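Chains as they are written, first to last, in UniProt numbering: chain H, 1 to 430; chain U, 1 to 430.
From the three backbone atoms N, C-alpha and C, an ideal C-beta is built for every residue, glycine too.
Model, not experiment: these values are computed from the prediction.
See structure below.
What follows is the structure, encoded as structure tokens:
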């Protein structure tokens, strides 16, 4: 009747339901209470993912009593009356304005998350250019390569610079080598691991230099986290549809913070005719990938945008970026190699030796590096506590150990020799 | 600052946020209150969609304070610690058992809805048979044809019988005409409009008859609504992995009832290696289409299954089917052509003349027909009220009108001459 679920950091007892029996309310309440308890402590150490845990939607709990489904095309509405389309349209207007696309020229929807946004953006590109080739840097989110595979589009993976930006020269070479096919380019406005912003202007210039006219390319911008940051950071590069880009997507649960994964995809209205297919059953057009789409997320996003306003968001962005600088400096002061891109809240550093330590702080690792994403819920106290523990544990991992394998990993190839504190580069620097 | 949102049945004022200003809490509370009021009355007339509005998850509202994300492969868990994987695994175990697949032989996940379930099921088929052809009846959910288009797989659309079932003879002809290519067949365990159950055994027999061995076909079952009904209805056809089927999907928000669209996809574990791709960043495999997946829905499903148990579900199924019979009979008694498939809760009838009437009752129309899906929240009183109003309005639409265009539509081609009450067939019958 019961089984321990100790996977995934949850040490709780949940009733199995494989016997198909009814379980009484008290037993279920008990399980939920234990679960809430087990997850309530995670927040204090949640550093490795771009998920803002600092939100409060208590004012919206009554919505949970309703099934809400924004099936079909948000710009048309549907005959499914339990929807939140008016809120969704408000949210879409907001983002279209943020990214400088006129109200009568955009199309978009609230997605189930960043993956669907990338999928739909790249799909629009494919429908425009059925024989197009996708170009994406190797630091792109894994969903971009998945979209290419699912959509059966050839994908050229382009290398990256140390910063994590796409290698512009290599991109140019690849474009020239495939000049006979239209280009569908997926750019990162903030890569997942290093928070690198691909230079849209430079890529557009490269396309022009390589002889790709505007009717021969499509640029999708994966701005999952940074799409809500760069518009509020003075001096940061623009995300703007005044440039010949095709689509932008962000995640609603990242910078903004939301209980469920969700996102926003904005593209140009003129492209959407390619995707349209009237469905009488819902009295709408089936223009989105997921079809039935949750109606709660658009209201949560609407609420957060209203509550914060432009000024509130700007303050939050500045605060996160400032704390990220603080963390990078702290790590470096303690002799730990660390790196932070401009306008970024993602601090990259050597991978901790101990998986238990990484798990405690919910760190996301890749090869020799790890990172902290400084979101709104991350306080200076958390960062101090993290650095102190890291420094202390690190001593234990490496101290007095002359075995090369038990020394801090070299991260020169990941974040540059000047940011690497491995035995070899530390010596060179000093 | 404000705009009226009268689309989609909502007559409320919502503050636009295009000026990027903060909105105060009182104004937002006002908007939410108006919205809640506008949607709270919809339930009383919500007849046309397979969405059970009779649920109560008040015991789970605290979960809204947490972001929950089941990113990656549920069978592996992930390094994203704010997940509900233990609940998801429980739910998957339950459905695997229901559909008779052993625990160590299944793979699945909680999806964002029926569309993703169909997409993933058909994707598994495509990855097994990259040169396969999809066969789907014309009464399939629109997501099946969309999946074919997105996945770039040729799709043969097969006609249907009056009942809505796939035309088995035509399917055989199509299979024989394309014998050189593997077959990916998407069957309906309950079509969207007529609630017709394709005969799995007959289709498997047809495959054998046409010379397709088990390593040359894949059968996906779209059981969005009926997957939660037929296992509880004595005498109804089995959904069972003891037969050589490849995948089954249902929607969590349909028979079970859930605030957000969600679903379950179950397939055979042995197929999943084709889809796997390790992603170090999340310490999991990227086996699902959406990647980041909401962690709340699995807990809601877990809660509903526990609360109802097998017996509770059985009672609910019997009740819905009984009320559907009642509605069909009422309509026929009033001289309105109506039709109900066996084991179905979907009553099909002539399309009401007046769109306003259809909108009031949230009816879903297709051509000359409309339907009511008798879900748990649909009471006999609602049905009586609906029939009475239909009969009364219908008199006004057609009475004394000798113009052929203003007579009840002929639905003989849709639901059979014997169920049609149009001027011509009524005469033939009487």
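Against residue 286 of chain U, the close residues of chain H are 142 and 146, in the order they occur along the chain (beta-carbon pairs closer than 7 Å). For residue 29 of chain H, the nearest CB of chain U lies under 9 Å from its own CB, placing it at the interface with that chain.
Contact check for residue 317 of chain H against residue 382 of chain H fails: the beta carbons are separated by 9 Å or more.
Residue contact check for residue 293 of chain H against chain U: a CB pair falls below 9 Å.
Boundaries cannot be given for residue 262 of chain H, as no alpha helix (DSSP H) includes it and DSSP labels it neither H nor E. Non-local C-beta neighbours of residue 214 of chain U in its own chain, meaning closer than 6 Å and more than five positions away in sequence, comprise 244, ordered along the chain. Proximity of residue 353 of chain H to chain U, defined by a Cβ-Cβ separation below 9 Å, is not satisfied. CA-to-CA, the gap between residue 130 of chain U and residue 185 of chain U works out to about 14 Å. In the DSSP assignment, residue 377 of chain U falls outside any alpha helix (DSSP H) and carries neither an H nor an E. Closest by C-alpha distance to residue 217 of chain H, out of H/168, H/122, H/412 and H/97, is H/122. Collapsing the DSSP output to three states places residue 158 of chain U in a strand. Below the 9 Å Cβ cutoff, chain U contributes 66, 81 and 82 as neighbours of residue 42 of chain H, in chain order.
In this structure, residue 67 of chain H lies away from residue 287 of chain U, with their beta-carbon atoms at least 9 Å apart.
Nearest Cα to residue 342 of chain U within the set U/236, U/313, U/304 and U/295: U/236. Residue 103 of chain H and residue 266 of chain H have their C-alpha atoms roughly 11 Å apart. Between residue 259 of chain U and residue 64 of chain H a beta carbon distance of about 5 Å is seen, short of the 8 Å cut, so the two are scored as contacting.
In this structure residue 327 of chain U is buried. Its beta-carbon is surrounded by 16 or more other beta-carbon atoms within 10 angstroms. Straight through space, the alpha carbons of residue 422 of chain H and residue 132 of chain H are spaced by roughly 43 Å. Residue-level contact by beta carbon fails for residue 387 of chain H and chain U, as no gap is shorter than 9 Å. Here the alpha carbon of residue 22 of chain U sits roughly 7 Å from the alpha carbon of residue 310 of chain H.
Residues of chain H whose Cβ lies closer than 8 Å to the Cβ of residue 46 of chain U are, in chain order, 81 and 82. Scanning chain H for C-beta atoms nearer than 7 Å to the C-beta of residue 253 of chain U yields 67, reported in chain order.
When rounded, the separation of the alpha-carbon atoms in residue 388 of chain U and residue 419 of chain U is 20 Å. When rounded, the separation of the alpha-carbon atoms in residue 197 of chain U and residue 145 of chain U is 18 Å.
When H/359, H/166, H/136 and H/345 are compared, the shortest CA-CA separation from residue 43 of chain H is found for H/359. Contact annotation for residue 150 of chain U against chain H: 123, 150, 151 and 289 [CB-CB distance below 8 Å, chain order]. Among the bridge pairs identified by DSSP, residue 251 of chain H is matched with H/263.
Assigned with DSSP and collapsed to three states, residue 220 of chain U falls in strand. Bounds of the beta strand (DSSP E) holding residue 366 of chain U are 364-366. The C-beta of residue 136 of chain H comes no closer than 9 Å to any C-beta of chain U. Within chain H, the residues placing a beta-carbon under 8 Å from that of residue 193 of chain U are 281, ordered along the chain.
Taking 9 Å as the cut-off, the beta carbon of residue 242 of chain U is found no closer than this to the beta carbon of residue 212 of chain U. As a beta-bridge residue in DSSP terms, residue 136 of chain H pairs with H/157 and H/186. Interface with chain U (9 Å Cβ-Cβ cutoff): residue 114 of chain H is included.
Bridge partners of residue 278 of chain U according to DSSP: U/285.
Closest in alpha carbon position to residue 279 of chain H, among H/77, H/33, H/31 and H/35, is H/77.
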